[in-house]
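Undergrad: Here my numbering is used: the first residue of the sequence shown is 597, the next is one more, and so on.
Virtual Cβ for every residue (Gly too), placed ideally from N, Cα, C.
Starting off with a structure, shown below.
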Amino acid sequence: MSDSPNAVNTKKKWYRKVPPVFVLLMIMLFIAAILTYIIPAGSFDRVPLADTGREMVVAGSYHTTEQTPVGFLDIFTAIPQGFAASASIIAMILFSAGAFQVMTESGTIENVLGVLLNKISARRNSGTIVIWIVTFVFSIIGIFIGPEVHVPFVVVTVAVALGMGYDLIVGMAMLLGGSIGFATAPINASLIGTCDTISGLPLFSGMGLRTIFWFCSTVMACLIITHYANKVKANPEKSFVYGIDTTGLGFTTAFSDCKITKRHVGVLLCLAGIFGFTVVGCIKWGWYLDEMTAVFIVGGIIAGFVAGFNVEKITDCFVKGATNLVFGAMCVGVARGIQVILENGHIADTIINAISEPLIGLPPVIGAILMTLVHGVINFFIPSGSGQAVATMPIMFPIGDLVGLTKQTSILAFQIGSAVTDIIYPTIGSLMAICALARVPFEKWFKFAIRLVAGVYLVGWIFLAIAVAINWGPF
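Below is the structure:
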């Protein structure tokens, strides 16, 4: 019988055969190398994009080149090359984790959250309120800064989720509201700004419709997370991560026993300062990963002194925090190595050209929807918003013209298709780091996150249809 104990055990054993994250990334490295022998090498001509330091693809310039397959040793040299290319991301992850460890060991995070949750927990539907607030907060933050900055905060959202009777996936999902915010942002510099520059559109034009799109997408994410969370709370065995050890991830003190001291307030102000300077710096001064890392270092040191720690204690906290994320940082470097192989084998442009050509001649709405799927596939191979924009949009804009899409609509299709899939692709280093820190196996996370992607895609397709119907512009 299909519902016999043996059948259930067989299914569980089969599911556990999905390789661990690091092994999965290594397998993908080898697959990428094999593809360099199968897929013809090719390239687009490129020209400098003014004031960005990047190069833009010339539409219609694709041509085949000499085959440059990646050798066996090159597979492994791609790993340190990936680390070198991801140095700024890795440094930001490690030092931000160190700064956050200072705040954690001061007791600030646990006591402040404990007091807040103790007040909220007395209300009806308190768990739902917390999920919506936390998800929206990170979604708003995601409008201004990339998801890499969110990595160390997974310990907070996981602790909140466990404290409210939910599971590890709910904690991850609330944090990755930041990725939804980043993907659907109305004023995202790396996604919208780069595309506007390439197209010649006024910078951040179309903000009104995009703001509504961002809000609806975040609401959809909250509904999906809440639905899953309520199922888990009613029956913990429904959790996709049921049985995984959560020791050390939850609160060590009962909510009712949590108290906020003057030192806790001081450390909390340091955390607010880190967020404030990071957001303002990114928007006003064009900061990126290196500057954000510096803010985390300075903020962490100041927080340590405010907490009453000496220099040795602060140093130990930074080392301990970074140690907790070494595995995640390694995943970032290895994931970037996959892109290195595709670039060295000169097959990335061939892939882009092959999957974009079939869009020509389709009805506008169908063409726009399929364009999102094309960008979703490309995002696996080029997991960088601005990098994908300069590689694909010079091709997609002419295709959009032939299909009957305004450039504004083509950008929306890019926005929907590219960054939303950041929450399900193992080539996204920050996602792998979050999975490692939250102790959530990638395949378990994927099983849940694919619902988020489907939900946001559905919302996005509705807005694409609206954009086509109103001939969204200015052009």
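Can you look up glutamate 706 in the DSSP assignment and give me helix, strand or coil?
TA: Glutamate 706 carries a helical assignment under DSSP once its states are collapsed to helix, strand and coil.
Undergrad: Alpha carbon to alpha carbon, how far is isoleucine 1020 from isoleucine 1046?
TA: Cα-Cα distance, rounded: 7 Å.
Undergrad: I think valine 837 touches isoleucine 765, with their Cβ atoms under 8 Å apart; what is that distance to the nearest whole Å?
TA: 6 Å
Undergrad: Under three-state DSSP, which class holds arginine 642?
TA: strand
Undergrad: Just list the residues that DSSP pairs histidine 746 with in beta bridges.
TA: Bridge partners of histidine 746: none, in fact.
Undergrad: Take the Cβ of alanine 1063 as the centre, count every other Cβ of all protein chains shown within 10 Å, and call the residue buried at 16 or more, exposed below.
TA: It is buried - the Cβ of alanine 1063 has at least 16 other Cβ atoms within 10 Å.
Undergrad: Here's a check: name, in chain order, each residue in its chain whose Cβ is nearer than 6 Å to the Cβ of isoleucine 671, leaving out the five neighbours to either side.
TA: Leu625 and Ala629
Undergrad: Contact check, alanine 899 vs valine 708 under 8 Å by CB: the rounded distance?
TA: Between valine 708 and alanine 899 the Cβ distance is about 13 Å, and since that is not below 8 Å, they are no contact.
Undergrad: Should valine 701 be labelled buried (16 or more other beta-carbon atoms within 10 Å of its own) or exposed?
TA: It is worth fixing the name first, because residue 701 is glutamate in this sequence and not valine. The residue is buried, with at least 16 neighbouring Cβ atoms inside 10 Å.
Undergrad: The alpha helix (DSSP H) spanning glutamate 939 covers which residue range?
TA: 922–940
Undergrad: For alanine 603, does the three-state DSSP call read helix, strand or coil?
TA: In this predicted model, alanine 603 has a pLDDT of only 41, less than 50, meaning its place in the structure is not dependable; the value taken from the coordinates is given anyway. DSSP places alanine 603 in helix when its eight states are reduced to three.
Undergrad: Is the Cβ-Cβ distance between methionine 1028 and valine 922 less than 8 Å?
TA: no
Undergrad: So the alpha helix (DSSP H) leucine 969 belongs to, where does it begin and stop?
TA: For leucine 969, the enclosing alpha helix (DSSP H) covers residues 960–977.
Undergrad: According to DSSP, is threonine 988 part of a helix, a strand, or is it coil?
TA: helix
Undergrad: What does DSSP give as the partner residue(s) for methionine 770 in the beta ladder?
TA: According to DSSP, methionine 770 bridges with nothing at all.
Undergrad: Got a sec? Which residues, its chain only, sit under 7 Å from valine 604 by beta carbon, not counting five neighbours each side?
TA: Reliability fails at valine 604, whose pLDDT of 41 lies under 50, so the model's placement of it is uncertain and no value is given.
Undergrad: For tyrosine 658, which residues from the same chain have a beta carbon less than 7 Å from its beta carbon, with the 5 sequence-adjacent residues on both sides left out?
TA: Gly638, Phe640, Asp945 and Asn949
Undergrad: Pop quiz: tryptophan 1041 and methionine 768 are said to be a contact at Cβ under 8 Å. What is the actual Cβ separation, rounded to whole angstroms?
TA: 6 Å
Undergrad: Between Thr988, Thr919, Gly869 and Thr874, which has its C-alpha nearest alanine 693's C-alpha?
TA: Thr919
Undergrad: Under the assumption that threonine 1005 contacts leucine 1060 (Cβ atoms under 8 Å), give the Cβ distance between them as a whole number of angstroms.
TA: At roughly 7 Å, the Cβ-Cβ gap stays under 8 Å, so threonine 1005 and leucine 1060 are in contact.
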